[in-house]
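According to the numbering used here, the sequence shown is numbered sequentially starting from 47. For every residue, glycine included, the Cβ atom is placed at its ideal position computed from N, Cα and C.
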Amino acid sequence: SAFTALLEVVAFALHWSANGLHYGIREQEFAALDTGAWVLVSGSRAHLALAQKSYPGLSAVHVHASAGVLRQRLRARQRESNAEVEARLHRALAFEPAADAFCLTNDEDLDSAGLRLKEHLFSPTAPCAARSARRTSFS
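Take a look at the structure:
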């Protein structure tokens, strides 16, 4: 597969498997860090500790939804059985984000959540805006 080929040539800065799928973030996506810019990526809660170890100074953005909304969204995708949906819901609700993570509740439309994320990222008090050091956000 294409994913396996990219793994073999060490193209990924980070990679993981979850819910029967494979994910990776290519090394080139992090090139902006070398210029002092920040990078926003979507990752896995289960692999956050590894990302933080690989990228010191990483600032986590925890995007989550209430139980009812998450259940509805997962079922609407029709990719998983009811048992698998409930297992994912249980894992999501059991996760405790770090005290310094920005928590973004995504129970509304995507535009509203995106606006709140943008406001956070560009706020003068946000870690990624407050200093020019390298920042990576991971959710």
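### Query
Per DSSP, which one or two residues make a beta bridge with glycine 82?
Looking at the DSSP output, glycine 82 sits in no beta bridge, so it has no partner there.
### Task
Give a yes or no on whether the C-beta atoms belonging to arginine 162 and leucine 150 are separated by under 7 Å.
Yes; because the gap between Cβ atoms is below 7 Å, this pair is in contact.
### Integer Cβ distance of histidine 166 from proline 143, believed to fall under 8 Å
No, histidine 166 and proline 143 are not in contact; Cβ-Cβ is about 14 Å, not under 8 Å.
### Task
Give every residue of the same chain whose Cβ lies closer than 6 Å to the Cβ of histidine 61, excluding the five residues on either side of it in the sequence, and list them in chain order.
Within the same chain, histidine 61 has close Cβ partners Gly70.
### Beta-carbon proximity of aspartate 80 to alanine 111, cut-off 7 Å
No. Outside cutoff.
#### Entry: Identity of the residue in Ala64, Thr171 and Tyr101 nearest arginine 137 by Cα
Among Ala64, Thr171 and Tyr101, the Cα nearest to that of arginine 137 is on Ala64.
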